[in-house]
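Asks: Before I ask anything, here is the structure I am working with.
2 protein chains.
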Amino acid sequence: MYSLIENDIKKLVNADEESLQFVLSHFKELKTKRNHLLLKEGDVCRTCYFINKGCVQVYYLDKNGDEATRDLYFEGQWITNIDSFSKQEPSKEFYRTIEPTSFLAIGRDNFFQLIGKVPQFMEAYRQILEASYSHSINRINSFTAMDALDRLKWVRENQAHILTRLSSKIIASYIGVSPETLSRLKNKL
Amino acid sequence: MYSLIENDIKKLVNADEESLQFVLSHFKELKTKRNHLLLKEGDVCRTCYFINKGCVQVYYLDKNGDEATRDLYFEGQWITNIDSFSKQEPSKEFYRTIEPTSFLAIGRDNFFQLIGKVPQFMEAYRQILEASYSHSINRINSFTAMDALDRLKWVRENQAHILTRLSSKIIASYIGVSPETLSRLKNKL
DNA sequence: TAAAATCCTTGACATTTATCAAGACTTGCT
DNA sequence: AGCAAGTCTTGATAAATGTCAAGGATTTTA
Numbered sequence: 001m002y003s004l005i006e007n008d009i010k011k012l013v014n015a016d017e018e019s020l021q022f023v024l025s026h027f028k029e030l031k032t033k034r035n036h037l038l039l040k041e042g043d044v045c046r047t048c049y050f051i052n053k054g055c056v057q058v059y060y061l062d063k064n065g066d067e068a069t070r071d072l073y074f075e076g077q078w079i080t081n082i083d084s085f086s087k088q089e090p091s092k093e094f095y096r097t098i099e100p101t102s103f104l105a106i107g108r109d110n111f112f113q114l115i116g117k118v119p120q121f122m123e124a125y126r127q128i129l130e131a132s133y134s135h136s137i138n139r140i141n142s143f144t145a146m147d148a149l150d151r152l153k154w155v156r157e158n159q160a161h162i163l164t165r166l167s168s169k170i171i172a173s174y175i176g177v178s179p180e181t182l183s184r185l186k187n188k189l
Numbered sequence: 190m191y192s193l194i195e196n197d198i199k200k201l202v203n204a205d206e207e208s209l210q211f212v213l214s215h216f217k218e219l220k221t222k223r224n225h226l227l228l229k230e231g232d233v234c235r236t237c238y239f240i241n242k243g244c245v246q247v248y249y250l251d252k253n254g255d256e257a258t259r260d261l262y263f264e265g266q267w268i269t270n271i272d273s274f275s276k277q278e279p280s281k282e283f284y285r286t287i288e289p290t291s292f293l294a295i296g297r298d299n300f301f302q303l304i305g306k307v308p309q310f311m312e313a314y315r316q317i318l319e320a321s322y323s324h325s326i327n328r329i330n331s332f333t334a335m336d337a338l339d340r341l342k343w344v345r346e347n348q349a350h351i352l353t354r355l356s357s358k359i360i361a362s363y364i365g366v367s368p369e370t371l372s373r374l375k376n377k378l
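Order-wise, the sequence lines are chains A and B.
Under my numbering, the first residue of the first sequence is numbered 1, with each subsequent residue one higher.
Under my numbering, the first residue of the second sequence is numbered 190, with each subsequent residue one higher.
Next up, the structure:
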């Protein structure tokens, strides 16, 4: 149950076994069905999740009430609403599983205590933040610098699992086009 | 010269005067003309900057060679290419001043030594990362969930200084439309 | 300070993408 | 297993945005 998260942390920092087990002991398993809402607009996020298996869609409701997908997360990834988690403000986004998903979850209080007590965990968190920020920068650049077909090609080159694992509707929302447009773009690939 | 950065750090963390001055002593002043390239595609970023006065455009070259603006930074903001700075990989982005600009700059080695030595500086960095990540998430959501006119209105509500201080060409690139389209959108505001 | 360069706007037109509708197909639920 | 719901595709059309061109305004630079 803890092997994936253990490897992930070891990949980021050199932690002695005692510290590592101390950190892991604060994570509780959470299993959900598909379409489970982890967090919805207006909620305050009190939990940070590590995905053991499954998939989470993070989305936003546009002015027509349609879902706009900000990001998609899979096993081996860390996920929380950073704004709401760090400042305890209401979330503007929805977090929903799109497959049966199993998490390791840690509450906010435990999380920040660990950060203060275990320097290697702080260091791991810093690296996760840097990588998440970097990923979001790439995503902004894909929207400012590419048209829809190039964004689709970019996903095919860099995140191919998204195209094979998820429905066209969700892929379209992630690429930032209507499902009809995605259907037509596929013919041009 | 250090008053803005001093207030910024104090706003983020409680630091004793000695630690604060120790941290500040590692920052060197850098003044540039407008259109100075701080970093270009392919460069490895070895410096983190705090803007004392002025403005920096971070952009990307699209497949036509046009500039796509990922973000704009002003006095009081921290700026570095996080990917290149943290992993010492070549930058994919350009960083250019668009006004005469004065910075406080710190080299990568000093930066990471300070992070290790001064817990309050680590804590400040963590908060800056969280805020930067949060800002980039808002920007992704503006592209996935809004059309061009709504993005322009969003900037007017939330970053009005961008509209009053910068050229239409740069605003257009930030909004993600051609200058001609921006010119027409202004008539609909 | 004057020439050169760049910027801003507007018009005409092309291209991209969205919307609406319908039918075939797939999936989920009981 | 079978029905209901949702998905995917395609066509027709509308709306949004890009491109090219040109002229006037502004800014830069020599």
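Note that beta-carbon positions come from the ideal geometry of N, C-alpha and C, so glycine has one too.
Predicted model, so just to flag it, every value in this text is computed and none were measured.
Just checking my contact of Ser208 (chain B) with Gln348 (chain B) at CB under 8 Å: how many whole Å lie between their CB atoms?
Replies: Taking the second sequence and counting its residues from 1, one reaches residue 208 (chain B) at position 19. Taking the second sequence and counting its residues from 1, one reaches residue 348 (chain B) at position 159. Actually they do not touch by this definition, with Cβ atoms about 33 Å apart.
Asks: Whose Cβ in chain B lies nearer than 8 Å to the Cβ of Asn141 (chain A)?
Replies: Residue mapping note: residue 141 (chain A) aligns to position 141 of the first sequence, counting from 1. Within chain B, the residues near Asn141 (chain A) are Tyr249, Ala257, Arg259, Lys281, Glu282.
Asks: Fully enclosed by the segment 3 to 62 of chain A, which beta strand (DSSP E) runs are 3 residues long or longer?
Replies: List check, beta strand (DSSP E) in window: 28 to 32, 37 to 39, 47 to 53, 55 to 61.
Asks: How many Å lie between Met335 (chain B) and Arg46 (chain A) at the Cα?
Replies: On the second sequence, residue 335 (chain B) is found 146 positions in, with the first residue counted as 1. On the first sequence, residue 46 (chain A) is found 46 positions in, with the first residue counted as 1. About 28 Å.
Asks: Within 10 angstroms of its Cβ, does Thr80 (chain A) collect 16 or more other Cβ (buried), or is it exposed?
Replies: Within the first sequence, numbered from 1, the residue matching residue 80 (chain A) stands at position 80. So Thr80 (chain A) counts as buried.
Asks: Is the separation between the beta-carbon of Leu352 (chain B) and that of Val344 (chain B) shorter than 8 Å?
Replies: As a first step, residue 352 (chain B) is located in the second sequence; it is residue number 163 there, counting from the start. As a first step, residue 344 (chain B) is located in the second sequence; it is residue number 155 there, counting from the start. Yes. Within cutoff.
Asks: Helix, strand or coil for Asp71 (chain A) per DSSP?
Replies: The count along the first sequence starts at 1 and reaches residue 71 (chain A) at position 71. Residue state, collapsed to three classes: strand.
Asks: Alpha carbon to alpha carbon, how far is Pro90 (chain A) from Glu195 (chain B)?
Replies: Working through the first sequence from its first residue, we reach residue 90 (chain A) at position 90. Working through the second sequence from its first residue, we reach residue 195 (chain B) at position 6. Roughly 30 Å between the two C-alpha positions.
Asks: Residues in its own chain within less than 6 Å of Asp71 (chain A) by CB, not counting five upstream and five downstream?
Replies: Here residue 71 (chain A) corresponds to residue number 71 of the first sequence, with the count starting at 1. Excluding residues within five positions, the ones whose Cβ falls inside 6 Å are Val58.
Asks: Under 8 Å: do the segment 248 to 259 of chain B and the segment 287 to 303 of chain B share three or more Cβ pairs, one atom per stretch?
Replies: With a cut-off of 8 Å, the segment 287 to 303 of chain B and the segment 248 to 259 of chain B do not count as touching, because too few Cβ pairs lie within range.
Asks: Quick check on the DSSP output: the alpha helix (DSSP H) that includes Ile317 (chain B) runs from which residue to which?
Replies: Reading the second sequence from its first residue, position 128 is the one you call residue 317 (chain B). Taken as a continuous stretch (DSSP letters only), the alpha helix (DSSP H) holding Ile317 (chain B) covers 308 to 334.
Asks: Compare the C-beta of Gly65 (chain A) against all C-beta atoms of chain B and say whether one is closer than 8 Å.
Replies: To locate residue 65 (chain A), count along the first sequence from 1; it is residue 65. Gly65 (chain A) does not count as touching chain B.
Asks: Count the C-beta pairs between the segment 82 to 96 of chain A and the segment 32 to 47 of chain A that are closer than 8 Å, then say yes if the count reaches three, no if not.
Replies: With the cut-off at 8 Å, the segment 82 to 96 of chain A and the segment 32 to 47 of chain A touch.
Asks: Using a threshold of 8 Å, state whether the C-beta atoms of Glu29 (chain A) and Leu104 (chain A) are closer than that.
Replies: As a working note, residue 29 (chain A) is residue 29 in the first sequence. As a working note, residue 104 (chain A) is residue 104 in the first sequence. Yes, the Cβ-Cβ distance between Glu29 (chain A) and Leu104 (chain A) is below 8 Å.
Asks: Who are the Cβ neighbours of Val13 (chain A) in its own chain at under 7 Å, not counting the five residues just before and after it?
Replies: As a position in the first sequence, residue 13 (chain A) is number 13, starting the count at 1. For Val13 (chain A), where only same-chain residues beyond five positions count, the Cβ hits under 7 Å are Gln120, Glu123, Ala124.
Asks: Are the CB atoms of Lys220 (chain B) and Ser331 (chain B) within a distance shorter than 8 Å?
Replies: Counting from one through the second sequence, the residue named residue 331 (chain B) turns up at place 142. Counting from one through the second sequence, the residue named residue 220 (chain B) turns up at place 31. No, Cβ-Cβ distance for Ser331 (chain B) and Lys220 (chain B) is not below 8 Å.
Asks: Taking the alpha helix (DSSP H) that Ser372 (chain B) belongs to, which residues open and close that run?
Replies: Along the second sequence, one-based indexing puts residue 372 (chain B) at 183. Residues 368 to 375.
Asks: From the DSSP output, read off the bridge partner residues of Ile364 (chain B).
Replies: Within the second sequence, numbered from 1, the residue matching residue 364 (chain B) stands at position 175. Answer is none; Ile364 (chain B) lacks a bridge partner.
Asks: What does the alpha-carbon distance come out to for the pair Lys229 (chain B) and Phe216 (chain B)?
Replies: Looking up residue 229 (chain B) in the second sequence gives position 40. Looking up residue 216 (chain B) in the second sequence gives position 27. Lys229 (chain B) and Phe216 (chain B): Cα-Cα distance of roughly 22 Å.
Asks: Helix, strand or coil for Ser91 (chain A) per DSSP?
Replies: Position 91 of the first sequence, counting from 1, holds the residue named residue 91 (chain A). If DSSP states are grouped into helix, strand and coil, Ser91 (chain A) belongs with coil.
Asks: Exposed or buried, Glu319 (chain B), counting other C-beta atoms within 10 Å across all chains shown (16 or more means buried)?
Replies: As a first step, residue 319 (chain B) is located in the second sequence; it is residue number 130 there, counting from the start. Answer is buried; the Cβ neighbour count reaches 16.
Asks: Mind checking which residues open and close the beta strand (DSSP E) that includes Leu293 (chain B)?
Replies: In the second sequence, counting from the first residue as 1, residue 293 (chain B) sits at position 104. First-last of the beta strand (DSSP E) with Leu293 (chain B): 290 to 296.
Asks: According to DSSP, is Ile359 (chain B) helix, strand or coil?
Replies: On the second sequence, position 170 is the one that residue 359 (chain B) refers to. It is helical.
Asks: In this structure, what does DSSP give as the bridge partners for Arg285 (chain B)?
Replies: Mapped onto the second sequence, residue 285 (chain B) falls at position 96. Paired residue(s): B:Leu226, B:Gln246.
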